[in-house]
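Taken in order, these protein sequences are the chains called A and B. Under the UniProt record's numbering, think of the first position of the first sequence as 1, with each following residue one higher. Under the UniProt record's numbering, think of the first position of the second sequence as 1, with each following residue one higher. Idealized CB from N, CA, C, for every residue including glycine.
There are 2 protein chains.
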Amino acid sequence: MSKAKSPKLIPLSPVPLYNQLKEILRGQILDGTWPPLSRMPSENELGQRFDVSRITVRQALNDLQKEGLIFKIHGKGTFVAKPKAFQNVSTLQGLAESLGRQGYEVINRLISFKTVAASSQVAQRLKIKEGSPVSEIKRLRLVNREPVSLEVTWLPLDIGQQLEKADLVTRDIFLILENDCGYNLGHAELAIDAILAESELTRLLKIEEGSPIMRIERLTHTDDGTPIDYEYLYYRGDAFQYRLRIDRHRTDSGEKS
Amino acid sequence: MSKAKSPKLIPLSPVPLYNQLKEILRGQILDGTWPPLSRMPSENELGQRFDVSRITVRQALNDLQKEGLIFKIHGKGTFVAKPKAFQNVSTLQGLAESLGRQGYEVINRLISFKTVAASSQVAQRLKIKEGSPVSEIKRLRLVNREPVSLEVTWLPLDIGQQLEKADLVTRDIFLILENDCGYNLGHAELAIDAILAESELTRLLKIEEGSPIMRIERLTHTDDGTPIDYEYLYYRGDAFQYRLRIDRHRTDSGEKS
Numbered sequence: 001m002s003k004a005k006s007p008k009l010i011p012l013s014p015v016p017l018y019n020q021l022k023e024i025l026r027g028q029i030l031d032g033t034w035p036p037l038s039r040m041p042s043e044n045e046l047g048q049r050f051d052v053s054r055i056t057v058r059q060a061l062n063d064l065q066k067e068g069l070i071f072k073i074h075g076k077g078t079f080v081a082k083p084k085a086f087q088n089v090s091t092l093q094g095l096a097e098s099l100g101r102q103g104y105e106v107i108n109r110l111i112s113f114k115t116v117a118a119s120s121q122v123a124q125r126l127k128i129k130e131g132s133p134v135s136e137i138k139r140l141r142l143v144n145r146e147p148v149s150l151e152v153t154w155l156p157l158d159i160g161q162q163l164e165k166a167d168l169v170t171r172d173i174f175l176i177l178e179n180d181c182g183y184n185l186g187h188a189e190l191a192i193d194a195i196l197a198e199s200e201l202t203r204l205l206k207i208e209e210g211s212p213i214m215r216i217e218r219l220t221h222t223d224d225g226t227p228i229d230y231e232y233l234y235y236r237g238d239a240f241q242y243r244l245r246i247d248r249h250r251t252d253s254g255e256k257s
Numbered sequence: 001m002s003k004a005k006s007p008k009l010i011p012l013s014p015v016p017l018y019n020q021l022k023e024i025l026r027g028q029i030l031d032g033t034w035p036p037l038s039r040m041p042s043e044n045e046l047g048q049r050f051d052v053s054r055i056t057v058r059q060a061l062n063d064l065q066k067e068g069l070i071f072k073i074h075g076k077g078t079f080v081a082k083p084k085a086f087q088n089v090s091t092l093q094g095l096a097e098s099l100g101r102q103g104y105e106v107i108n109r110l111i112s113f114k115t116v117a118a119s120s121q122v123a124q125r126l127k128i129k130e131g132s133p134v135s136e137i138k139r140l141r142l143v144n145r146e147p148v149s150l151e152v153t154w155l156p157l158d159i160g161q162q163l164e165k166a167d168l169v170t171r172d173i174f175l176i177l178e179n180d181c182g183y184n185l186g187h188a189e190l191a192i193d194a195i196l197a198e199s200e201l202t203r204l205l206k207i208e209e210g211s212p213i214m215r216i217e218r219l220t221h222t223d224d225g226t227p228i229d230y231e232y233l234y235y236r237g238d239a240f241q242y243r244l245r246i247d248r249h250r251t252d253s254g255e256k257s
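Here is the structure:
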């Protein structure tokens, strides 16, 4: 590995030393000085190179780890994380449909497919009666063989039953709904927030408890406005990113109000 | 407070008891049985009511806390979180512009406004030379007096200088750019992911280290496509949500490929 440039820290700056070091290391990770999956220098080496204490180095590395730029392997050292996979969500697409274009392999592991009583929330979204039967599908989605998201999908029972014979391992539900079942999808409403991984996510996504999760609540409609597919998508924060383009003024007629 | 309905858990179900309990409590929080800021029953009370062990109760509550639905105050008990504020990002708007319409008060605290050397990342996004001077603005944004996000903005120096006299406490930068400086904003590119709060965010947003953060990287362009405003927005995961509508087929001409 080529020796990294070592810009100097400014001891008398109002910006704390660990913050200066963090910015320098972040820049070097993003510009490829430290390539993905390479091992970072040890705390001692970094301390010597930048002439700061080990505590300062540790705080900078700690912050970069929280940001998902580096990860630690016990007894092996600190490594640079791979760039996050991203999905462009400027149009409504399934994960395989979107990532497949970028050359990623998307495979799903079916965790469960069952009929459950609609909770009040599911019932309200799908405009059915609370407690009436709906299909619930839980899938783990693997990008290049690594678990990236858990997706929980609720469908009206008659639609769910049409999916029972479908290939849920390699195909997006959107494409099955359109191509096999003949529904035309229209728009989806999304809510995006950040939560921490709890027990089930920890286990399935192979991450530590308390890891960051990007959570998407998504309600998809047919083109006549009927809600057809309600989901919670849980993405590993360290592995995935949504990208989109937003216009200052909408030029289409999609948005009401 | 009215006594909550207590649906029964199913001991022989393949779904673990804590998971069943979690789903019931989540439903009761979302349907208003337990209103925002109300105190939840103690672990003992819940254990008795649902005939499960205290460990089961604790795991269910632990998961709901990770999801941001409840929070604990040491020595006082467990409380229901307020519903998250949300911003509709189907069109490009500043926080005050968007939340003001919903009746929220948005006030900003200016943390710093300075001239810095453009990092390679900032330089690349703003299409300027690395190391050349740019304006860096750090603002804490308070919704109804509570800190909700930290926003770090980089602007080309000549534009930053025009903002030095502007009212950054009550106004969005977007509106200042448009109304005071005469720029027409066009579109923005966003990347959304989830990270954990590190030292600075912990301090400014008044949250615990390791709390979930929804992070937005946003590059805003004028209507002729010139990048003008590059930002990192850090939202408290427990307090904020992005909402948007996505169409299966774009009907406008905004998106290239």
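For this session: Using a Cβ cut-off of 8 Å (strictly closer), state whether lysine 66/A contacts chain B.
Result: Position 66 of the first sequence, counted from the start, is the residue given in the question as residue 66/A. Yes - at least one Cβ of chain B is within 8 Å of the one on lysine 66/A.
Exercise. From this set, Asn108/B, Asn88/B, Thr115/B, which residue's C-alpha is nearest glutamine 102/B's C-alpha?
Worked result: Numbered from its first residue, the second sequence carries residue 102/B at position 102. Ranking the options by Cα distance to glutamine 102/B, first place goes to Asn88/B.
For this session: Can you grab the Cα-Cα spacing for the pair glutamate 231/A / glutamate 189/A, in whole Å?
Result: By one-based count along the first sequence, residue 231/A stands at place 231. By one-based count along the first sequence, residue 189/A stands at place 189. Looking at the two C-alpha atoms, the distance is approximately 11 Å.
Problem set entry | Complete beta strand (DSSP E) runs within the region 52–118 of chain B (minimum length 3 residues, chain order) | 70–73, 77–80, 85–88, 106–117
For this session: Check the Cβ of glutamine 179/A against every Cβ in chain B and list those closer than 7 Å, keeping chain order.
Result: Position 179 of the first sequence, counted from the start, is the residue given in the question as residue 179/A. In the sequence as displayed, the identity of residue 179/A is asparagine instead of glutamine. Within 7 Å Cβ-Cβ: nothing; asparagine 179/A doesn't reach chain B, min ~13 Å.
For this session: From the DSSP output, in three-state form, read off isoleucine 228/B for me.
Result: Residue 228/B sits at position 228 when you count from the first residue of the second sequence. In this structure, isoleucine 228/B counts as strand in the three-state DSSP scheme.
For this session: Could you tell me whether the region 103–111 of chain A touches the region 167–186 of chain A, where touching means 3 or more Cβ pairs closer than 8 Å?
Result: yes
For this session: Classify threonine 222/B as helix, strand or coil using the three-state DSSP reduction.
Result: In the second sequence, counting from the first residue as 1, residue 222/B sits at position 222. In the structure shown, threonine 222/B sits in a strand (DSSP, three-state: E or B).
Exercise. If the cut is a Cβ gap below 7 Å, which residues of chain A does glycine 237/B touch?
Worked result: As a first step, residue 237/B is located in the second sequence; it is residue number 237 there, counting from the start. Ordered by position in chain A, the residues that pass the 7 Å Cβ test against glycine 237/B are Asp193, Ala194, Ile195.
Problem set entry | Cα-Cα separation, leucine 157/A to lysine 66/B | As a first step, residue 157/A is located in the first sequence; it is residue number 157 there, counting from the start. As a first step, residue 66/B is located in the second sequence; it is residue number 66 there, counting from the start. So the alpha carbons of these two residues sit roughly 31 Å apart.
For this session: Give a yes or no on whether the C-beta atoms belonging to arginine 26/B and leucine 64/B are separated by under 8 Å.
Result: Taking the first residue of the second sequence as 1, we reach residue 26/B at position 26. Taking the first residue of the second sequence as 1, we reach residue 64/B at position 64. Result yes, Cβ atoms of arginine 26/B and leucine 64/B sit closer than 8 Å.
Exercise. Going along the region 208–227 of chain B in order, which residues come within less than 7 Å of chain A, judged by CB to CB distance?
Worked result: Gly210, Pro212, Ile213, Met214
Exercise. Got a sec: is the Cβ-Cβ distance from threonine 115/A to anything in chain C below 8 Å?
Worked result: Absent from the structure: chain C. Protein chains present are A and B.
Problem set entry | Sub-8 Å separation of aspartate 247/A and leucine 92/B beta-carbons | Here residue 247/A is taken as the residue at index 247 of the first sequence, counted from 1. Here residue 92/B is taken as the residue at index 92 of the second sequence, counted from 1. Yes, they are a contact pair.
For this session: Return helix, strand or coil for tyrosine 235/A, following the three-state DSSP convention.
Result: Taking the first residue of the first sequence as position 1, residue 235/A is located at position 235. It is a strand residue.
Exercise. By DSSP, does serine 257/A sit in helix, in strand, or in coil?
Worked result: Taking the first sequence and counting its residues from 1, one reaches residue 257/A at position 257. Because the pLDDT at serine 257/A is just 36, under 50, the model does not fix this residue reliably, and the value given afterwards should be weighed accordingly. If DSSP states are grouped into helix, strand and coil, serine 257/A belongs with coil.
Exercise. Under 9 Å Cβ-Cβ, which residues of chain A neighbour glycine 27/B?
Worked result: In the second sequence, residue 27/B corresponds to position 27, counting from 1. In chain order: Ser119, Ser120, Gln121.
Exercise. If you run the structure through DSSP and keep just helix, strand and coil, what is aspartate 180/A?
Worked result: Here residue 180/A is taken as the residue at index 180 of the first sequence, counted from 1. Aspartate 180/A falls in the helix class under three-state DSSP.
Exercise. How big is the Cα-Cα spacing for leucine 178/A and asparagine 184/A?
Worked result: As a position in the first sequence, residue 178/A is number 178, starting the count at 1. As a position in the first sequence, residue 184/A is number 184, starting the count at 1. For the record, residue 178/A in the displayed sequence is glutamate; it is not leucine. Here the C-alpha atom of glutamate 178/A lies approximately 6 Å from the C-alpha atom of asparagine 184/A.
For this session: Please confirm whether glutamine 20/A and isoleucine 29/A have their CB atoms less than 8 Å apart.
Result: What you label residue 20/A is simply residue 20 of the first sequence in a count that begins at 1. What you label residue 29/A is simply residue 29 of the first sequence in a count that begins at 1. It is not a contact, given that the beta carbons lie outside the stated cut-off.
Exercise. Should glutamine 20/B be flagged as near chain A, meaning a C-beta pair shorter than 8 Å?
Worked result: Position 20 of the second sequence, counted from the first residue, corresponds to residue 20/B. Chain A, which has no Cβ nearer than 8 Å to the Cβ of glutamine 20/B, makes this no.
Problem set entry | Chain-order list of residues whose beta-carbon lies under 7 Å from that of lysine 206/B (same chain, five-residue window excluded) | Translated into positions along the second sequence, residue 206/B becomes position 206. Hits under 7 Å: Pro147.
Exercise. Quick check: the region 190–198 of chain B against the region 210–227 of chain B, are there 3 or more CB pairs under 8 Å?
Worked result: In short, these stretches touch, since the Cβ pair count reaches three.
Exercise. Comparing alpha-carbon positions, which option in Arg39/A, Val57/A, Leu140/A, Pro36/A lies nearest leucine 46/A?
Worked result: In the first sequence, counting from the first residue as 1, residue 46/A sits at position 46. Ranking the options by Cα distance to leucine 46/A, first place goes to Val57/A.
Problem set entry | Closer than 8 Å to chain A by CB, tyrosine 232/B | On the second sequence, residue 232/B is found 232 positions in, with the first residue counted as 1. So no, tyrosine 232/B is outside the interface.
For this session: Would you kindly check if the distance between the Cβ of lysine 82/B and the Cβ of proline 36/B is under 8 Å?
Result: Translated into positions along the second sequence, residue 36/B becomes position 36. Translated into positions along the second sequence, residue 82/B becomes position 82. Yes, Cβ-Cβ distance for proline 36/B and lysine 82/B is below 8 Å.
Problem set entry | Through-space distance from asparagine 144/B to arginine 139/A, alpha-carbon basis | Translated into positions along the first sequence, residue 139/A becomes position 139. Translated into positions along the second sequence, residue 144/B becomes position 144. A direct Cα-to-Cα measurement between arginine 139/A and asparagine 144/B gives close to 39 Å.
For this session: Report the option in Ser135/B, Thr202/B, Arg141/B whose CA atom is closest to the CA atom of aspartate 229/B.
Result: Here the question's residue 229/B lines up with position 229 in the second sequence. Out of Ser135/B, Thr202/B, Arg141/B, the CA that lies nearest to the CA of aspartate 229/B is found in Ser135/B.
Exercise. Three-state secondary structure (DSSP) at alanine 4/B?
Worked result: Here residue 4/B refers to the residue found at position 4 of the second sequence. Its pLDDT being 47, under 50, alanine 4/B is placed unreliably by the model, and the measurement read from it follows with that caveat. Looking at alanine 4/B - three-state DSSP - the assignment turns out to be coil, as it is neither helix nor strand.
For this session: Measure from the alpha carbon of aspartate 238/A to the alpha carbon of each residue in His221/A, Ile137/A, Ser211/A, Pro133/A, then state which is nearest.
Result: Here the question's residue 238/A lines up with position 238 in the first sequence. Per the Cα distances, Ser211/A.
Exercise. Which of helix, strand or coil does DSSP assign to tryptophan 128/B?
Worked result: Numbered from 1 along the second sequence, position 128 holds the residue referred to as residue 128/B. First, the amino acid is wrong: residue 128/B is isoleucine here, not tryptophan. Coil.
Exercise. Apart from the five residues just before and just after valine 152/A, which ones in its own chain have a Cβ nearer than 6 Å to its Cβ?
Worked result: For this step, residue 152/A is matched to residue 152 along the first sequence. Setting aside the 5 residues that flank it on each side, valine 152/A is surrounded in the same chain by Lys138, Tyr232, each with a C-beta closer than 6 Å to its C-beta; the list follows chain order.
Exercise. Is the CB-CB distance between arginine 39/A and threonine 78/A below 8 Å?
Worked result: One-based indexing of the first sequence puts residue 39/A at position 39. One-based indexing of the first sequence puts residue 78/A at position 78. Yes, the pair counts as a contact, with Cβ atoms nearer than the cut-off.
Problem set entry | Segment limits, alpha helix (DSSP H) that includes threonine 202/A | Translated into the one-based positions of the first sequence, residue 202/A becomes position 202. Unbroken alpha helix (DSSP H) run through threonine 202/A: 199–204.
Exercise. If you check the beta carbons only, do leucine 155/B and leucine 142/B fall under 8 Å apart?
Worked result: Counted from its first residue, the second sequence places residue 155/B at position 155. Counted from its first residue, the second sequence places residue 142/B at position 142. No; because the gap between Cβ atoms is not below 8 Å, this pair is not in contact.
Exercise. Ends of the beta strand (DSSP E) at glycine 186/A?
Worked result: The sequence position of residue 186/A within the first sequence is 186, counting from 1. First-last of the beta strand (DSSP E) with glycine 186/A: 185–196.
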